[in-house]
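Below is one structure, written out as structure tokens, with a few remarks after it.
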Amino acid sequence: MPALSQRHLLGIEPLLPGDIRTIVETAKSMKSISKRAIKKVPALRGKTIVNLFLEPSTRTRSSFEIAAKRLSADTLTLSGTGTSLSKGETLMDTARNLEAMAPDAIVIRHSASGAPHMLARILEPPVINAGDGSHEHPTQALLDLMTVEERKGPVKGFKVAIVGDIAHSRVARSNIFTLTKMGALVWLCGPATMIPREVEQLGARVTNSMDEALEGADVVMMLRIQLERGSGSLFPSVPEYAATYGLNRARLKRAKRDVVVLHPGPINRGIEIASDVADGEFSVILDQVENGVAVRMALLYLLITRPEGRGGTA
Amino acid sequence: MPALSQRHLLGIEPLLPGDIRTIVETAKSMKSISKRAIKKVPALRGKTIVNLFLEPSTRTRSSFEIAAKRLSADTLTLSGTGTSLSKGETLMDTARNLEAMAPDAIVIRHSASGAPHMLARILEPPVINAGDGSHEHPTQALLDLMTVEERKGPVKGFKVAIVGDIAHSRVARSNIFTLTKMGALVWLCGPATMIPREVEQLGARVTNSMDEALEGADVVMMLRIQLERGSGSLFPSVPEYAATYGLNRARLKRAKRDVVVLHPGPINRGIEIASDVADGEFSVILDQVENGVAVRMALLYLLITRPEGRGGTA
Amino acid sequence: MPALSQRHLLGIEPLLPGDIRTIVETAKSMKSISKRAIKKVPALRGKTIVNLFLEPSTRTRSSFEIAAKRLSADTLTLSGTGTSLSKGETLMDTARNLEAMAPDAIVIRHSASGAPHMLARILEPPVINAGDGSHEHPTQALLDLMTVEERKGPVKGFKVAIVGDIAHSRVARSNIFTLTKMGALVWLCGPATMIPREVEQLGARVTNSMDEALEGADVVMMLRIQLERGSGSLFPSVPEYAATYGLNRARLKRAKRDVVVLHPGPINRGIEIASDVADGEFSVILDQVENGVAVRMALLYLLITRPEGRGGTA
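Residue numbers (my numbering), protein chains in the order written: chain A, 839 to 1152; chain B, 839 to 1152; chain C, 839 to 1152.
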């Protein structure tokens, strides 16, 4: 497997298609570890991984912690409350201090777009973006790709519909980059208030019609309506949003007969996705979670053991 | 040692006396591990244990974490704050997501009675109830039994007084089941507002008189007055409660000369128990904590390594 | 290396100069472990270390956790929220309960001066003070000493200026004890409201003049202005404090040409220390953090493996 072209994983945008291939193929072999009776290999024994989670997270944080432990790495997890950031320390100073404790990788989730890039510019160890503001969430897009390929093979030529609040979704952005790099055709769908201007420059098509987005789709990615972040102000009412952009079985019939449905979770049942779709035969939502551990194991392994001088840019 | 009849530990109620015996005997050998210079065995190496603590807890959570680590398991601990539950995800979805990360056991504490049972109905890995609402707290009752037996041998025929807010106590319920299954005679004592209706159907006797409860008792279990949960509304005043139902040295003289006094902690000194009793020669309160680690090691070991097809019901 | 004279590390005050030497020399060999590809030795395998952090902390808590893991110990970290202390349990009862789980060391940070001493009086395992009120922060002073010696050799005869809120600083107190025991001359500097009465009895000199403190100094230790703890009431305004007692390049010229500048962090850039000094060639702030892990590894190792009967006092 060739080494990654990058020292850090800051987003999908700077990755080469070959990097994406390397990560997914490595993740496939990592996945088998979690199916063994003894779910642990010594690959990263004696390595220290810092998880700096400055936004709330269950799934991603748990996934990174389990990934690290299955590779025998030690983890140190810091969350927003109880860190020196609450004493007014800058993120850069927190990061420099953590670096002085000799971690082998730093995983960061932050509400500010670009926070991982700031860290990567000054820190020696690899930085992994676990979600930064409305910018990117690259591990999510990688696990999404792995999950789609598992069911349906390479995505080249696929029609992929991404539905919801595209404008505020780092998941959507990372998926647009991943899917277009791998040759899929991405359709973005949502009310006008949720579609960013000039998004077509990223190579995606835009529609406000759910029917048009779903028509003949190989893959449907539903986004979470983030009511806790005020998404509610972007549409008239929750029932109206659900009626217009929620995914239900009837509507899904427009898609290909072997369509797969993804959702990054946590799901709002009955809002962006009907329960019978979320739990139904087209849903790969729990495969996404399972593959998330594998993708994060792959990334931690590839970045920490990456030979120096591979000449990547941050 | 025979395998347990159950795949999960949801409560004491569904256990057979033989299950209880198996757990306590296994806990006795586990206890010796914590007395060694190297307090660690490889029994659960490469296993992942998720601790889902949705109610505050020091003692029980710490006890489960230490138990897992002494068996070389990896742990992932999630607490109420900072989980997706705060984003409106249902408990079932949180559980399904955690399951997708391939844990080998899930330990859950939850404010809702029956929450562990809901999980057990849908999840593959064993579920351990670490306290659910006012329903059961089975590991507490098992460690209580182990502690009593350590000092006084089998409880068959013993008079055991349980004093305090029986109606809201999952500790009391689990102990009633355990003690009656093992042949002890349970007396429940407290003000009328704290005794549930029809509790005698569980095989216990009821009295409002502390003297009657203590008379000739082999074992006294004092319950915590949970002022932080509004127990205060169930009696006129704290001093009055302490005077009527608090355990002090004078009152304890009615019990057998080799009586043992238990309390699940944290104790309210001077309310339900006088300091000189809590710290005195009849108290086994710290033995309870020590045995808690051993009982939880035993349960994790027995449930995770249980041969399949043993035919238990959830 | 001789064993320590103490069973616990409660402060620098009770240590012998030989103890300090043993700790720093052990820390030097521990430091090399963090520079290896596999940053882990089995020295404390099967040991359990409880970190009881009842005040917020990133740096110190992370440092202790990483130190423990690099020695292969298991850790249990408890913070203020979510412990039984919030249910009204006394610190002593929390400690006795933790002890019943057979930890091999207890690290405690507490807002009350003397809290670690209370624990040490009743607990069997070694207690390490990670900062108690305004009393002592011994591991900070030990890592400060190690850092100064690394650059400049033994501190005997050095002029060391400590600048800031001396009266409320446990860092200052522990450093005064350490430095005077090792033969340095300590100058304390700050506004009169920040200098405790009779501090000269500890062997230090006092001045309100920053210029006098810096004149010919070998070492400058800047203290953090703790605005989050109301330090603001001790001086007229932040800009005025920064102008009078902030360290900048111009002012630093009064010190020796090979002066080193320390700060316990987190730093307030532009208040007690100018950014170009914090990041400049005289600053050893990040070395302090790096050495912090080494000092804590040394202490955990020395205290946990200390031969019994060495006859120390608590």
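Beta carbons: idealized from backbone N, C-alpha and C, even for Gly.
Within chain B, the residues that residue i reaches when beta carbons sit closer than 8 Å
i, result
"residue 883 of chain C", "876 and 878"
Chain A contact residues for residue i, given Cβ-Cβ distances below 8 Å
i, result
"residue 957 of chain B", "Those within 8 Å of residue 957 of chain B in chain A number zero; the least Cβ separation is about 15 Å."
"residue 985 of chain B", "Those within 8 Å of residue 985 of chain B in chain A number zero; the least Cβ separation is about 33 Å."
"residue 1016 of chain B", "Chain A residues near residue 1016 of chain B: none, gap ~32 Å exceeds 8 Å."
"residue 1045 of chain B", "In chain order: nothing, as chain A lies at least about 46 Å away."
Contact list for residue i against chain B, beta-carbon separation under 7 Å
i, result
"residue 927 of chain C", "1104"
"residue 931 of chain C", "1104 and 1105"
Coil, strand or helix - residue i by DSSP
i, result
"residue 1035 of chain B", "coil"
"residue 930 of chain C", "helix"
"residue 868 of chain C", "helix"
"residue 896 of chain B", "coil"
"residue 1176 of chain A", "Only positions 839 to 1152 of chain A appear in this structure, which leaves residue 1176 of chain A out of reach."
"residue 1071 of chain A", "helix"
"residue 851 of chain A", "coil"
"residue 947 of chain C", "strand"
"residue 876 of chain A", "coil"
"residue 1130 of chain B", "helix"
"residue 903 of chain A", "helix"
"residue 1152 of chain C", "Residue confidence for residue 1152 of chain C is low, a pLDDT of 41 falling below 50, so the modelled location carries little weight; the figure read from the coordinates is stated next. Three-state DSSP puts residue 1152 of chain C in coil, outside helix and strand."
"residue 1100 of chain A", "strand"
"residue 1153 of chain B", "Given that chain B is displayed from residue 839 to residue 1152, the structure contains no residue 1153 of chain B and the question cannot be resolved."
"residue 1166 of chain C", "Limits of chain C in this structure are 839 at one end and 1152 at the other, which puts residue 1166 of chain C out of reach."
"residue 990 of chain C", "helix"
"residue 1012 of chain A", "helix"
Those residues which DSSP pairs with residue i across a bridge
i, result
"residue 1106 of chain C", "BP columns for residue 1106 of chain C are empty, so no partner."
"residue 913 of chain A", "A:887"
"residue 997 of chain A", "A:1023"
"residue 1045 of chain B", "B:1027"
"residue 1085 of chain A", "A:1111"
"residue 974 of chain C", "C:970"
"residue 965 of chain B", "B:944"
Amino acids of chain C, ordered along the chain, whose beta-carbon sits closer than 7 Å to that of residue i
i, result
"residue 1031 of chain B", "The premise fails here: residue 1031 of chain B is roughly 21 Å from chain C at the closest Cβ pair, so nothing lies under 7 Å."
Chain C residues whose Cβ lies nearer than 9 Å to that of residue i
i, result
"residue 1110 of chain B", "Chain C residues near residue 1110 of chain B: none, gap ~12 Å exceeds 9 Å."
9 Å Cβ cut-off: residues of chain A touching residue i
i, result
"residue 839 of chain B", "Those within 9 Å of residue 839 of chain B in chain A number zero; the least Cβ separation is about 20 Å."
Partners in chain B for residue i, counting only beta-carbon separations shorter than 9 Å
i, result
"residue 935 of chain C", "896, 897, 900, 1103, 1104, 1123, 1124 and 1127"
"residue 1131 of chain A", "938, 939 and 940"
Contact list for residue i against chain A, beta-carbon separation under 7 Å
i, result
"residue 938 of chain B", "1124, 1127 and 1128"
Are the segment 897-907 of chain C and the segment 1128-1142 of chain C touching by the rule of at least three beta carbon pairs closer than 8 Å? yes
The segment 1049-1068 of chain B in contact with the segment 1085-1101 of chain B per 3-pair CB rule at 8 Å: yes
Along the segment 1080-1108 of chain A, where does the CB come closer than 9 Å to a CB of chain B? Name the residues. 1103, 1104, 1105, 1106 and 1107
Inter-stretch contact at 8 Å, needing at least 3 Cβ pairs: the segment 865-878 of chain B / the segment 928-940 of chain B: no
Could you list the residues in the segment 898-918 of chain A with a C-beta less than 7 Å from some C-beta on chain B, going in chain order? 900, 901, 903, 904, 907 and 917
For the structure I just gave you, are there three or more beta carbon pairs, one from the segment 890-898 of chain A and one from the segment 942-955 of chain A, closer than 8 Å? yes
For the structure I just gave you, are there three or more beta carbon pairs, one from the segment 988-1003 of chain B and one from the segment 910-917 of chain B, closer than 8 Å? no
Taking 8 Å as the threshold, find out whether the segment 1012-1023 of chain C comes into contact with the segment 1032-1044 of chain C through three or more Cβ pairs. yes
Which residues, taken in chain order from the segment 860-875 of chain A, show a beta carbon closer than 8 Å to some beta carbon of chain B? 872, 873, 874 and 875
Report yes or no: do the segment 970-978 of chain A and the segment 1000-1013 of chain A share at least 3 C-beta pairs separated by less than 8 Å? yes
Do the segment 1059-1066 of chain B and the segment 1107-1119 of chain B meet, that is, are 3 or more Cβ pairs less than 8 Å apart? yes
Could you tell me whether the segment 1018-1026 of chain A touches the segment 1099-1107 of chain A, using the rule of 3 or more Cβ pairs below 8 Å? no
At least 3 beta-carbon pairs within less than 8 Å: the segment 842-857 of chain B vs the segment 873-887 of chain B: no
Listed in chain order, which residues of the segment 947-978 of chain B have Cβ atoms closer than 8 Å to some Cβ of chain A? none
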